[in-house]
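Residue numbers (my numbering): 21 to 548.
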């Protein structure tokens, strides 16, 4: 069974009553828009979307809500942000900080739009929402009251779960200072059931400086925000969340998930949602950070991979397995090949069909309203060769490899994949994926007498071929290898060296057939 189907089985078991009554289940995830959203965040977004997709597939009512958090304070400065211009805003809520671009409503606008541009093409069922309007509409008023009334209980939960000692006068709330507009620097010092007393402390945090203002104010309707572990639990109750997973850091012993779960159940009287931990996606072994500017953004990755391949990347491994990704290595070619192999399993083209691979392919598709169409697709390495050969016609070479004419949908898929391959070749591909046909035989080519004899014989046989195709060329190479009693490596490697100045490349018979017959035959016959 595919791992996500197993999780949805567990969801069905826990919420069987709600499902039977037709009550929609709420799936939720979030991201604070403190900078460009890194690609690692896509794993959580896609996993939650996948669960919603499978629930819908099973005709279980559900809504997958993704929060664009614009209410947190700016507590870090991304490396690509002008510190001189934006340093003055440290500590303010993100929604109150000017946008980076003309027309932006606030600091988060561009980051949120960019994330949606990266995610929406994958066809996931997502209802995007901003956090700030919920505070302004009073949706959190009840939980704010409950948190303030139970401040001591929350302090004890922090202490018991994580060992975090909160001062006896600590209250689980931060207000927006009416003088300087900062929220990260305020400390609530009292509560009388209607208003809080507070101080905007100069040195309350290391990353922002308060103005020193003291006063009293109402904490409702958007004038304050809950600290994030308390707020996480409050969101579950306010939104009615049933299902929410989180990264492994939140699930560590004594971590934020356990704190939020206790607060949710003991303070807000709301059951902890169904959840599980998922591992991170690492770029070259490094974890990523939006505010620190580490890694590549979700949008950059979405520009690098077709939507279905990006979705496939995030779902093909079980949720508790990390994904290590090197966009400049062989990861992307291997990813395309793995996707194509899973397609073979789905369409019963593989000699040993495996349901798990077939299911991964099916769930990776972006149009959930119809069954995937069985299309022939050119393999990544062959395509990477063709796009670098200006003398070759893409559709003609594809038809040769397929063995028949391409359908209109196959042509469309071919050109789409070619665009992504071309982009990768131009920006990230390692040298062994860059092909140039050699005008002359490399001067450092060293061959044994037996190899020279085999290559010369091959040249003569290829020159006599009546039909110049990948299949006939490939057949002659193998026949020559057997006749000359030479190991495969000793004939294939020199061919690649002679024509590409490397020891490997695309399928040898096919790539030789893309060149003129007389040129190939002549070059091999003249090996000395």
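Heads up, the beta-carbon is just placed ideally off N, CA and C, and yes, glycines get one too.
Closest option to residue 364, judged by alpha-carbon separation, among 349, 316, 392: 392. The shortest CA-to-CA distance from residue 473 to any of 547, 429, 381, 143 is the one to 547.
With a beta-carbon spacing of about 26 Å, residue 508 and residue 349 fall beyond the 8 Å limit used to define contacts.
DSSP, read as helix, strand or coil, puts residue 504 in coil. In the structure shown, residue 220 falls within a strand segment according to DSSP collapsed to helix, strand and coil. Membership of residue 351 in the alpha helix (DSSP H) is indicated by the continuous run 351-366. In this structure, the alpha-carbon of residue 504 lies about 18 Å from that of residue 528. In terms of Cβ geometry, residue 324 and residue 347 form a close pair [threshold 8 Å]. By the Cβ-count criterion, residue 122 is exposed, with fewer than 16 other Cβ atoms from all chains shown falling within 10 Å of its own Cβ. Fully contained in the stretch 191-247 are the following beta strand (DSSP E) runs of length 3 or more, in chain order: 206-211, 216-220, 234-237.
DSSP places residue 36 outside any beta strand (DSSP E); the residue lies instead in the alpha helix (DSSP H), whose first and last residues are 36-41.
Between residue 399 and residue 357, the gap from beta carbon to beta carbon is short of 8 Å. Within its own chain, the residues whose Cβ lies closer than 8 Å to the Cβ of residue 343, once the five positions on either side in sequence are excluded, are 63, 299, 300, 301, 302, 333, 334, 337, listed in chain order.
Taking a cut-off of 8 Å on C-beta distances, the stretch 107-117 touches the stretch 197-211, as three or more cross pairs fall below it.
Between residue 322 and the set 443, 380, 540, the nearest pair of CA atoms involves 443. Short of 8 Å from the beta carbon of residue 381, and not among the five residues preceding or following it, lie these beta carbons of its own chain, in chain order: 332, 359, 362, 363, 365, 366, 392.
Residues of the same chain with a CB within less than 8 Å of the CB of residue 68, apart from the 5 flanking positions on each side, are 47, 48, 49, 84, 86, 263, 264, 265 in chain order. In its chain, beyond the 5 residues on either side, 220, 222 have a beta carbon closer than 7 Å to the beta carbon of residue 232. Spanning the alpha carbons of residue 66 and residue 144 requires a straight line of approximately 7 Å. Counting of Cβ neighbours within 10 angstroms places residue 465 among the exposed residues, the total staying below 16.
Rounded to whole angstroms, the gap between the alpha carbons of residue 102 and residue 430 is 47 Å.
Straight-line measurement puts the Cα of residue 94 at about 9 Å from the Cα of residue 228. Straight through space, the alpha carbons of residue 193 and residue 230 are spaced by roughly 16 Å.
Closest by C-alpha distance to residue 186, out of 388, 276, 173, is 173. By the C-beta density criterion, residue 179 is exposed, having fewer than 16 other C-beta atoms within 10 angstroms.
Around the Cβ of residue 526, a 10 Å sphere holds 16 or more other Cβ atoms; the residue is buried. The closest CA to that of residue 182, considering only 437, 423, 260, 270, is found on 270. Between residue 319 and residue 125 the beta-carbon gap is near 19 Å, outside 8 Å, which marks them as no contact.
Per the coordinates, the alpha-carbon of residue 259 lies some 35 Å from the alpha-carbon of residue 378. Collapsing the DSSP output to three states places residue 83 in a strand. Contact between the stretch 529-545 and the stretch 475-495 is present: 3 or more CB-CB pairs across the two stretches fall below 8 Å. Contact between the stretch 241-248 and the stretch 27-39 is absent: fewer than three C-beta pairs spanning the two stretches fall below 8 Å. Residue 461 sits close to residue 543, with the two beta carbons spaced by under 8 Å. Look at residue 290 here: in three-state DSSP terms it is coil, with no helix or strand label. Only residues of its own chain outside the window of five on either side were considered, and among them 163, 166, 253, 254, 257 have a CB closer than 7 Å to the CB of residue 288, listed in chain order.
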